[in-house]
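Right, one structure below, let's go through it.
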Amino acid sequence: MTWSGEIDRVHIGATKQEGGTRSRVCTVGGAKNLPFLEGASEMPLIALEICDDTGSWSPIVLAYTGDVTRDAGEWAKKAEKEFGADLVRLHLTSTRKRGFSDVRGVRTTIEAVLQGTGLPLIIEGSNEPSVDSEVFSACGEAAAGERALLGTAEADRYRSVAAAAVAFGHGVIAQSPIDINLAKQLNILLHEIGMPHDRIVIDPFTGALGYGFEYSYSVMERIRTAALKGDTDLAMPMISAAADSLNIKEVREAPQEVRDETAVMWEFCAAFSAAVAGAEIVCVRHPRTLEKLKKGFAHLAGEG
Amino acid sequence: MALKALDIYKILPKKNCKECGFPTCLAFAMKIASGKADPATCPYLDEETRQKLGAATRPPIRLVRIGVGPRKVVVGEETVLFRHDKTFYHPPGLMVEIPDTWSPGQVKVVAAQIENEMFTRVGQDLFLSGVAIRNVSGAADTFQKTVAAIEEMVSLPEILISDHPEVLEAGLIECGTYRPLLCAATDANYTSFCRLATKFGCPLTVRAGSVEGLANLTTKCVQEGVEDLVMDPAATTPREFLALSTQIRKAAIERTVPAVGYPVYCDTTTYPDPDAACALGVLKYGSLIVTRPLEYSRKLAFLTLRQNIYTDPQKPIQMAPGLYPVNSPGRESPLLITVNFSLTYFTVLGYLEGAKIPCHLLVVDTEGLSVLTAVAAGKLNETLVRESLKKFGAEEAVSHRTLVLPGYAAPISGRVEEMTGWKVMVGPRDAADLPEFLEKEMG
Ligand code: B12
Ligand code: SF4
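Protein chains in written order, with this note's numbering: chain A, 2 to 305; chain B, 69 to 511.
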């Protein structure tokens, strides 16, 4: 298939030469065709999601991953060294507590994660408008120079996160609820307040397999084909995280002896399919999903 | 490309004789264009026109039926490259491989499981589709015995896999009348495979590693009189499968290579990573997917993926709105409100039935939107709740005047209370917590 458009390249992470401390840089984008066909971009990257307050994290993942989950820095290290992640996505879940005020703690966590791993970082700040500004600027500053990806910008709350990204040289994740027009609008808004196109990653929102995934799959295909047909406002790489996968009924209620396997298959199917639909970065929480995806992508990319 | 009504009209005889059953040639042309009439019903077409119209108006991908009875697998007749362009119509058959070297016991267990094991999701029954019996032994009688053993026990659609026509024929003696799919004819042996397919009236798989190769082979098979064909692109990696299946789908629906207008076969057992291959087959145009036996987690995940990809993107699976009794409620039992998105209804119902709590479930018409989506879209509102209470007789069904809203509908609770005059309780967000909530709050 031949198309006229091309997906923008976004770099995540900065090495010492570039003013950061990362041991490598991830580049996503550059596709001139649908995923895994001739002229598509590189292999999709896999981010392992970790957090700084495990209260709402899947007990399946916590049990499998073990004690390191109490220390985000150690967790990040393990994500790189043991699990083989391409990126680490840190969710600052501590900011979601009612009455949150520990901004200093956020900085400490980010520093620990940067110490723990040399991988490029995605940082998910607060999701509470009243603390957004403080939290995002703390994130931006703590990771200054590292060219991280900050999340998440949404149509009605994108200013704080974008301001932090612009001020400290990071990229942003632009999330819209499964709707190509809303995705486009948000990109335009971000562009207007100074985010260059090559620092935006689209998150079209991914419902879990069996819980809205079909809509997400199709909106990704629509966004990608629109971009390849030449719509530059949608020509950014996409990120997909079917975050609810481990909370759904089929996984929660799977028989004990196959619960891990069910969790892994559920994450795998959504993440693998998202990559086939166009996502350049897929995010998962179970370390074994990561391993399985790596293998799947390698075969699809023709490397094995 | 498909011909437009006017193009069709131009080549019709223009006698307006009505013998086709339509008042004018133009009316007939319009029906042909929309696929609702068969060109052959006009007796005055010359052979060339008939062929031209036939090729342009038959579905771009042939419908192929494998097996008989309620579990038969029907694939093909797809019309788009992306599901968002319209929808995907015929979910792929997930066919479980049974080698003829297995012990009778093993064959029995696996075949019975495929026939009997079912998952119900969103009110739909999901199961694996059939068996793919593979001649690994090399012996015709061993193959025949395995087919016979399976035939005796289950009535599932079958694929018979062997490179040797005499082996297949041995299997066909046992199951030839049940439309098994033969697999696979190549350029070297297609005449003998076509003879078998014709003799037993079975569909046939052809195998070639390129679009041209497949087109050649299907054309030859059609000349031999076999039209129910399935194509195995013989890819060696998932990447190659994706490239070929995409080319094939495109060439077929755009009718640039009409000879590849047949369903695609995907044998995941030949790939180093069968899970990735299976998911890929479901997503990207596989119509018959052969897999090793799948244990619980894989089976459920792949069946759900298939269900997702093959639902109509334009209309969510919906429930009829109404007042549903759950666990034989009485007039004092609680009244709960939910929406008519099937996924939501069955999720809630599952927890209520699991906890054996008698109650009335009022399903309101949000046009198939989930609770959170309907609230965000303004579709789940106080007017809808009030009208639904009246319309479905909630006032007569219960003696009390308290209703329970889903947790995500909290933003509208005040207005619902005002407009309906009912006391409103806001339930939990997650239906899993509903039983505990009902026990605590309603006693
Ligand atoms: C799939 C999906 C869609 C699909 C629609 C699917 C459908 N048929 O509803 C599409 C793509 C069309 C869509 C559209 C929109 N969506 Co939408 N969508 C989703 C998604 C991913 C999944 C929804 C789902 O299927 N949930 C599963 C079902 C089972 O959940 P449920 O109905 O809520 O039921 C649960 C509970 O409510 C509870 N429950 C149900 N009934 C009852 C009853 C009682 C008594 C109790 C106690 C509990 C209870 O039990 C269930 C299981 O726990 C969600 C994200 C998410 N994770 O929820 C976003 C989401 C709901 N969508 C969102 C939005 C904003 C929209 C749009 C408004 C965006 C737009 N385009 O403008 C539109 C609105 C639609 C319209 N027509 O205008 C937002 C809502 C934000 C908010 N918090 O208000 C969400 C949360 C995504 C996000 N984070 O941005 N969406
Ligand atoms: S039978 Fe043929 S010629 Fe007669 S009206 Fe129909 S299309 Fe026209």
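Quick reminder that beta carbons are idealized off the backbone N, C-alpha and C, glycines included. All figures in this text were calculated on a predicted structure; none of them were measured in a lab.
So what does DSSP say about residue i, is it helix, strand or coil?
i: B/GLU464; result: helix
i: B/MET69; result: Its pLDDT being 44, under 50, B/MET69 is placed unreliably in this model, and the value from its coordinates should be taken loosely. If DSSP states are grouped into helix, strand and coil, B/MET69 belongs with coil.
i: B/MET163; result: strand
i: B/LEU448; result: coil
i: B/TYR333; result: strand
i: A/HIS92; result: strand
i: B/PRO340; result: coil
i: A/GLU83; result: coil
i: B/PHE187; result: strand
i: A/GLY106; result: helix
i: B/LEU113; result: coil
i: A/VAL202; result: strand
i: A/MET99; result: First, the amino acid is wrong: residue 99 of chain A is Arg here, not Met. Three-state DSSP puts A/ARG99 in coil, outside helix and strand.
i: A/LYS295; result: helix
i: B/ASN84; result: coil
i: B/CYS270; result: coil
i: A/GLY305; result: Confidence at A/GLY305 is low in this model, with a pLDDT of 45, below 50, so the placement of that residue should be treated as unreliable; the coordinate-derived value is given next. Three-state result, A/GLY305: coil.
i: B/VAL148; result: coil
i: B/LYS352; result: coil
i: B/THR324; result: coil
i: A/VAL132; result: helix
i: A/ALA255; result: coil
Indicate whether residue i and residue j have their beta-carbon atoms separated by less than 8 Å.
i: B/THR359; j: B/LEU162; result: yes
i: A/SER127; j: A/ARG97; result: yes
i: A/CYS270; j: B/ALA347; result: yes
i: A/SER177; j: A/PHE214; result: no
i: B/SER456; j: B/PRO389; result: yes
i: B/PRO583; j: B/MET510; result: Past the edges of chain B, shown from 69 to 511, lies residue 583 of chain B, and the structure says nothing about it.
i: A/VAL202; j: A/LEU150; result: yes
i: B/LEU312; j: B/PHE268; result: no
i: B/THR210; j: B/ASP380; result: no
i: B/ILE201; j: B/THR214; result: yes
i: B/TYR419; j: B/ALA500; result: yes
i: B/THR266; j: B/VAL290; result: no
i: A/ARG289; j: A/SER59; result: no
i: A/VAL104; j: A/GLU142; result: no
i: A/ALA302; j: B/ARG307; result: yes
i: A/GLY30; j: A/GLU222; result: no
i: A/CYS27; j: A/LEU46; result: yes
i: A/ASP54; j: A/SER95; result: yes
i: B/ALA208; j: B/GLU234; result: yes
i: A/ILE189; j: A/ILE224; result: no
i: A/LEU115; j: A/TYR159; result: no
When DSSP builds the beta bridges, which residues end up paired with residue i?
i: A/ARG158; result: A/GLU155
i: B/HIS428; result: B/PRO393, B/LEU403
i: A/GLN28; result: In the sequence on display, residue 28 of chain A carries Thr and not Gln. BP columns for A/THR28 point to A/HIS12.
i: A/GLY213; result: A/ALA209
i: B/ARG133; result: B/VAL142
i: B/CYS251; result: B/ILE229
i: B/ARG275; result: B/ASP300
i: A/LEU122; result: A/VAL89
i: A/GLY172; result: A/LEU150
i: B/PHE409; result: B/GLN386
i: A/ILE47; result: A/VAL283
i: B/GLY482; result: BP columns for B/GLY482 are empty, so no partner.
i: B/GLN192; result: B/ARG189
i: B/ARG202; result: B/PRO167, B/ILE229
i: A/CYS140; result: Its beta-bridge partners do not exist; DSSP assigns none.
Positions along the segment 256-277 of chain A whose CB lies within less than 8 Å of some CB in chain B: The segment 256-277 of chain A vs chain B, Cβ under 8 Å: PRO256, VAL259, GLU262, THR263, VAL265, MET266, TRP267, PHE269, CYS270, PHE273, SER274, VAL277.
Going along the chain, which residues of the segment 247-273 of chain B sit with their C-beta nearer than 7 Å to a C-beta in chain A? For the segment 247-273 of chain B, which is checked against every Cβ of chain A, not one residue is closer than 7 Å.
Selection of the segment 437-454 of chain B by Cβ proximity to chain A, strictly under 7 Å: Of all residues in the segment 437-454 of chain B, none has a Cβ within less than 7 Å of some Cβ in chain A.
Members of the segment 297-313 of chain B that neighbour chain A once the beta carbon cut-off is set at 7 Å: Within the segment 297-313 of chain B, the residues whose Cβ lies closer than 7 Å to some Cβ of chain A are THR305, PRO306, ARG307, LEU310, ALA311, listed in chain order.
Residues of the segment 341-354 of chain B whose Cβ lies closer than 9 Å to any Cβ of chain A, in chain order: Residues passing the 9 Å Cβ filter: ASP341, ASP343, ALA344, ALA345, ALA347, LEU348, VAL350, LEU351, LYS352.
For the segment 227-253 of chain A, which residues have a beta carbon sitting closer than 8 Å to at least one beta carbon of chain B? Against chain B - using a Cβ distance shorter than 8 Å - the residues of the segment 227-253 of chain A are LYS250, GLU251, ARG253.
Going along the chain, which residues of the segment 26-44 of chain A sit with their C-beta nearer than 8 Å to a C-beta in chain B? Residues passing the 8 Å Cβ filter: LEU35, PHE37, LEU38, GLU39.
Counting only Cβ-Cβ distances shorter than 8 Å, please list the residues of the segment 139-169 of chain A near chain B, keeping chain order. Listed by position, the residues of the segment 139-169 of chain A near chain B (Cβ gap below 8 Å) amount to none.
Chain-ordered residues of the segment 128-148 of chain B with a beta carbon less than 7 Å from chain A: Result list empty, no residue passes.
Positions along the segment 364-381 of chain B whose CB lies within less than 8 Å of some CB in chain A: Answer set for the segment 364-381 of chain B: TYR364, SER365, ARG366, LEU368, ALA369, PHE370, THR372, LEU373, GLN375, ASN376, ILE377, THR379, PRO381.
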